[in-house]
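Written below as structure tokens is the structure these notes are about.
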């Protein structure tokens with residue numbers, strides 16, 4: 013859906029899986045905090061986890077610039093996570109842990125519920141229930157968009 017929505021389409025054929033777009037700290041009341049510092053990502057510290065990040069958190073619009081995308085996410089969102097998020101490495105490792113250890117791999121969750129990316133319409137409640145059943149009944153936040161008259165889950 014992301015690739016379909018941009019004036020410049022993705023350079024590679026998109027993988028048929030849901031990937032992470034970001035990890036955003038939130039306030040109980042009011043808008044999500046943004047741009048809390050201008051500290052950039054230390055790409056040297058990310059070397060050991062880059063392979064995992066490229067799979068679960070790729071830059072789908074430019075597969076040659078994952079670090080640039082991750083840097084934008086860190087500056088805009090991750091830097092606002094202190095003290096729960098200590099630094100950029102902790103931010104990215106938290107995403108990996110959520111995806112792998114806490115079983116928040118949406119593609120896997122939906123596949124187990126027999127919901128596959130086959131280009132057919134499904135009621136949103138079926139997708140919501142599959143996710144809720146896998147993550148302790150927590151309500152997921154969805155973003156949908158219309159593309160050529162078709163509603164797509166982003």
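In the working numbering, the protein residues as written are 13 to 166. Each residue gets a CB set at the ideal place from its N, CA and C atoms; glycine is no exception.
{"Query": "Within 9 Å, strictly: CB atoms of residue 35 and residue 78", "Result": "no"}
{"Query": "DSSP three-state assignment for residue 101, whether helix, strand or coil", "Result": "helix"}
{"Query": "Cβ shell of residue 86 (< 7 Å), same chain only, five flanking positions each side left out", "Result": "53, 100, 103"}
{"Query": "Exposure of residue 156, with buried meaning 16 or more beta-carbon neighbours within 10 Å", "Result": "exposed"}
{"Query": "Where residue 22 sits in the DSSP three-state scheme", "Result": "coil"}
{"Query": "According to DSSP, residues forming a beta bridge with residue 159", "Result": "162"}
{"Query": "Under the three-state DSSP convention, the category residue 36 falls into", "Result": "coil"}
{"Query": "C-alpha gap between residue 30 and residue 117, whole angstroms", "Result": "8 Å"}
{"Query": "Residues near residue 45 in its chain [Cβ-Cβ closer than 7 Å; skip 5 each side]", "Result": "37, 39, 92"}
{"Query": "Extent of the continuous alpha helix (DSSP H) to which residue 118 belongs", "Result": "118-124"}
{"Query": "Spatially closest choice to residue 163 from 131, 127, 82, 22, by CA coordinates", "Result": "131"}
{"Query": "Burial state of residue 50, where buried means 16 or more other Cβ atoms lie within 10 Å", "Result": "exposed"}
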